[in-house]
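J.: In the numbering used here, the protein residues as written are 372 to 1470.
After the structure tokens below, expect a handful of questions from me.
Here's what the structure looks like:
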């Protein structure tokens, strides 16, 4: 505002509170209120503070707040950054809407009640409420409050309080509700999550967009549609009604409040569902993009038997990769939606590399005939709360519940209304890191808190069945802060935090009092780790040893130990040099023994125990001779075909004929009845357990050999078939009878093992060996041994049958190889050597003569030969250097780079012929000229491949990791950067060749050149085309030899022939039979003038 004092040139800050007429405004300053003309005002770039709307005079004095009070309250609210606040703006769409109300809850202890004014600025409606710290106040609103007409409406609700409160909003008594977001945490950009409304023509989905105290312009971009703009005045609401708006983007020039949902939905949506009794309203206020996070936990609603639905909406301009528990990874662009229909009590863990919006939906009445549909915002881990007070809305005939998500290691100290939650039902996430506590509750005010300020998230929900089935769900409260400003932690910071926390756990003295907490802490820490190095593994093994030494048989400790071991195995699943990564002496054995000790502790308790994880499964069972009869104890594991899901295992007591293993079983382990008899007899002899006729049998299954590093499997060797690797070709199964050592069994009743070995297409296996893990081998580090185990049978389909005379950990070793010929390998290297020699000679000749390197075609030819020579050298030296992980990556990168550069120099040659023979005028002169052609060609042919390789390496360096050969993996990067570029170049050059040959035969060139000149041109073009075809076929055959394993040998032979010919053909065509080259070479050995004019039009 223009200064009030004459001579003062500094404009003052002011806020326009009201427009008085066409030119003048009422403005508020620190010195008071003034009426000013518009020429005395300039708009600043700051977002204006909210100005309280005009109230009836009788209520004004009750809400007069001094400037100092207002500043203190605003500071307090912002510092708290919670869903508690002092100012709220929102609207209530007609969903339907009758007798809408809000619940006001005071959240700060103070000697005075919070004075709360609820008003509709456009109406003459305003009510004042006093809200105490110990209660919840229900504020009923008139029916006219509800927004029902599409377009601009003026039923925006404004709530102002003298101290922080929380506001929960309901459209009617029994309808869905939402937790209002304070105005200080509203934003400019939103993405919508809603749901498809019922198919009847009078039900719609909706978005209600409300402005604050300023005119606001909003850009609305429906998914896959064009955007449009709307403008709304202060405290107005724009209502969008129609089909499901999920994925719609909103962007405003001032903060806005957004409420979305559906007037009546049945979930999951069913096409042509005409039963109106199964739909219910959905209602939720949405947070802005900057308040969204990257990690979420979603759990089932207690009492609802049909599961739930979850939607994930992408909000980033960068494609977002999302890991959903064990359901794999999905990728979403901005506005894309992924829906998950969960049919059971599964707890989902959602982790993304960019922020996402997550919404959970309660299913409709027709799915379980218990409650109806509702939707509730899911809060990210970044915004979990520490202490909250919240109301549970009372509805006739409702049953009320609360879900609380918290770190499993912190759940024991969580308090609800001042009491522990030990009797609450809880579910654990698959990785063991998160627990969901659920319980029935009562209406009224409640509190949740943790003495150590551990963070959690709570959802309130309720429902009623029958003909008046309905439901609500809303967040109890959550912490609001700008997640986008934080950004993800750097890799270095994360690794340092992980190492520090691991060291902290290592130095804790584990006792029976803290063993559960330490085990939970370790399981959570390892679950969050991206990579474990040798020192990490050593520390983990020591901590596990301390935990299992307590012999605590509780399910909590056992589950934590299993999850820890599973994540150790999982962390090394995609590591190329696992033997190197696990080189710390004895650490893998310590982990394995710690898990066995925990199983022993579990077996001291009655009953059976089964825990299945992705990479490890345990079964602890009790068996007696009577339960087995003449049969066996049979353990089977059935492969799921998906490494992201746990392997399915089972233990059966077979009482009849010998058991035949299932055909799809990955492994079958059979213990005969006689072993049980011997075990009981020995137990009675040693421990005088005369009355005990049962034994505890434990089975432990590993999906990979990470915990069994073997020295005999480290080195690659050769046999008559060619190159092969000695590997563990099966799962690893361990069986023990607690307290009994089982060895030297009679051949009449051995331990029977059935393994199904998976083979890659074209892969051969040989030298099959049944082995066990000998803990005394390799100076106590352990290694594989075949003592006491015999191979009984093996089939071409991959089934292997072993018999062993003792119990321990068993597996199958095989030689894996791709069938090849030693002579072919020698021939390939010999041919590549000849090509290298020919290319070296060719480059020497062309670089030694100024006449041969002066023209553009010859310079392009020299660049092409240099690229091809580099490719050959790197190929012959490094293609088989797979032992060094780093060296192999470097070779893969160089091979990829030089393959791309050679391909692009082929394309440059084709383009040169296109300019010289196709883009010509009537007398054959080139009409297309490019300045600095060689410089631009070099940038493209050398620079573009460098950029491609750099992008691939940054995006996923594992594309260059390969255990079979040092070349880029046969994956998406290979196809999009290698195959696609090669294919396009070949197609383009064939097109140019056809056009050039047509021009030379029927076009303009022959009319201006004699016959010998034309023939020389044709020879030059044919020569270049033959070289292009030869180069293209070489890499096509090489590609097929990698992809089509069944015909790999044939393609390897063709690849060897073509690759051997490339350098030789270049030398013959461009040196031996090239007249210009012959003249220059002869001149080197004579005294004649060496100044020669090169006439060839091409290379």
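Each residue gets a CB set at the ideal place from its N, CA and C atoms; glycine is no exception.
Please determine if the region 575-589 and the region 615-625 are in contact, where contact requires at least 3 C-beta pairs separated by less than 8 Å.
T.: Taking 8 Å as the limit for Cβ pairs, the verdict is that the region 615-625 does touch the region 575-589.
J.: Over what stretch of residues does the alpha helix (DSSP H) that includes residue 528 continue unbroken?
T.: First-last for residue 528: 528-541, but that is the beta strand (DSSP E), not the alpha helix (DSSP H).
J.: Under 6 Å Cβ to Cβ from residue 935, same chain only, skipping five residues before and after it: list those, please.
T.: The residues are 893, 894, 897.
J.: Taking all protein chains shown into account, decide if residue 1074 is buried (16 or more other Cβ within 10 angstroms of its Cβ) or exposed.
T.: Looking at its Cβ environment, which holds 16 or more other Cβ atoms inside 10 Å, residue 1074 is buried.
J.: Is residue 842 near residue 547, with beta carbons less than 9 Å apart?
T.: For residue 842 and residue 547, yes; Cβs fall inside 9 Å.
J.: Buried or exposed, going by whether 16 or more other CB atoms sit within 10 Å of the CB of residue 997?
T.: Exposed: under 16 other Cβ atoms inside 10 Å.
J.: Assess contact between the region 1147-1155 and the region 1104-1115, defined as three or more Cβ pairs (one per stretch) separated by less than 8 Å. Is contact present?
T.: The region 1147-1155 is not in contact with the region 1104-1115.
J.: Can you tell which of 1176, 1147, 1169 has its C-alpha closest to the C-alpha of residue 1160?
T.: Checking every option, the nearest Cα to that of residue 1160 belongs to 1176.
J.: Which residues bound the alpha helix (DSSP H) around residue 908?
T.: Counting along the chain, the alpha helix (DSSP H) containing residue 908 begins and ends at 905-919.
J.: Select from 574, 1232, 839, 513 the residue whose C-alpha is nearest the C-alpha of residue 357.
T.: In the structure as shown, the chain starts at 372 and stops at 1470, and residue 357 therefore has no counterpart that could be examined.
J.: Residue ranges of each beta strand (DSSP E) run of no fewer than 3 residues wholly in the region 684-734, ordered along the chain?
T.: Fully enclosed beta strand (DSSP E) runs of 3 or longer: 691-695, 700-703, 708-713, 719-733.
J.: Exposed or buried, what is residue 1369 when buried is set at 16 or more other beta-carbons lying within 10 Å of its beta-carbon?
T.: So residue 1369 ends up on the exposed side.
J.: Please state the DSSP three-state secondary structure of residue 1455.
T.: In this structure, residue 1455 counts as helix in the three-state DSSP scheme.
J.: Which residue from 884, 515, 558, 499 puts its Cα closest to that of residue 487?
T.: Among 884, 515, 558, 499, the Cα nearest to that of residue 487 is on 499.
J.: How would you write the range of the beta strand (DSSP E) that residue 460 sits in, first residue to last?
T.: Per DSSP, residue 460 belongs to the beta strand (DSSP E) from 456-461.
J.: Rounded to whole angstroms, what is the Cα-Cα separation between residue 1472 and residue 957?
T.: Residue numbering for the chain in the displayed model covers 372 to 1470; residue 1472 lies beyond these limits and cannot be assessed.
J.: Ordered along the chain, which non-local residues of its own chain (more than five positions away) have a Cβ less than 6 Å from that of residue 1249?
T.: Correct list, in chain order: 1262, 1337.
J.: Taking the beta strand (DSSP E) that residue 1155 belongs to, which residues open and close that run?
T.: That run of the beta strand (DSSP E) goes 1154-1156.
J.: Whose C-beta lies closer than 6 Å to the C-beta of residue 629 among residues of the same chain, with five residues either side of it excluded?
T.: Result list for residue 629: 561, 580, 657, in chain order.
J.: Could you tell me whether the Cβ atoms of residue 869 and residue 900 are closer together than 9 Å?
T.: Yes, these two residues count as a Cβ contact at 9 Å.
J.: Suppose you measure from the CA of residue 540 to the CA of residue 918; what does that come to, to the nearest Å?
T.: Approximately 48 Å, taken between the alpha carbons.
J.: Does the ligand MG have even one heavy atom less than 8 Å from the beta-carbon of residue 599?
T.: For the structure depicted, the ligand MG is absent and the ligand set is empty, with no information on it obtainable.
J.: Just reading off the alpha helix (DSSP H) that residue 1259 is part of, what are its end residues?
T.: Run containing residue 1259: 1256-1284, per the alpha helix (DSSP H) assignment.
J.: Applying the criterion that 16 or more other CB atoms from any shown protein chain within 10 Å of the CB defines a buried residue, is residue 891 buried or exposed?
T.: That one is buried.
J.: Between residue 708 and residue 684, which are expected to be in contact by the criterion C-beta below 8 Å, what is the C-beta distance as a whole number of angstroms?
T.: Rounded, the Cβ-Cβ distance is 5 Å, consistent with contact.
J.: Starting from the Cα of residue 1235, find the closest Cα among 1221, 1278, 1443 and give me that residue.
T.: The shortest C-alpha separation from residue 1235 is found at 1278.
J.: Which residues in the same chain as residue 834 place their Cβ atom closer than 6 Å to its Cβ, once the five residues preceding and following it in sequence are excluded?
T.: Cβ neighbours of residue 834 beyond the five flanking positions: 742, 842.
J.: If we count Cβ pairs, one from each stretch, closer than 8 Å, do we get three or more for the region 597-609 versus the region 526-537?
T.: Yes: the two stretches touch, three or more of their Cβ pairs being nearer than 8 Å.
J.: At the level of alpha carbons, what is the spacing between residue 1136 and residue 1007?
T.: Straight-line Cα distance between these residues: approximately 24 Å.
J.: Distance check for residue 400 and residue 383, CA to CA, integer angstroms please.
T.: Rounded to whole angstroms, residue 383 to residue 400 spans 8 Å at the Cα level.
J.: Classify residue 740 as buried or exposed, calling it buried when 16 or more other Cβ atoms lie within 10 Å of its own Cβ.
T.: Answer is exposed; the Cβ neighbour count stays below 16.
J.: In the DSSP output, what is residue 681 paired with across the bridge?
T.: Residue 681 pairs with 711, 731.
J.: Should residue 719 and residue 735 be called a contact, given that it needs their Cβ atoms to be closer than 9 Å?
T.: Not closer than 9 Å, so no.
J.: Among residues of its own chain, excluding the 5 on either side of residue 677, which ones have a beta-carbon nearer than 6 Å to its beta-carbon?
T.: So the qualifying residues of the chain are 734, 738, 739.
J.: Can you tell me whether residue 498 is helix, strand or coil according to DSSP?
T.: Looking at residue 498 - three-state DSSP - the assignment turns out to be strand.
J.: Which whole runs of the beta strand (DSSP E) in the region 777-851 are 3 residues long or more, in chain order?
T.: Qualifying beta strand (DSSP E) stretches, in chain order: 796-799, 805-812, 815-820, 827-835, 841-848.
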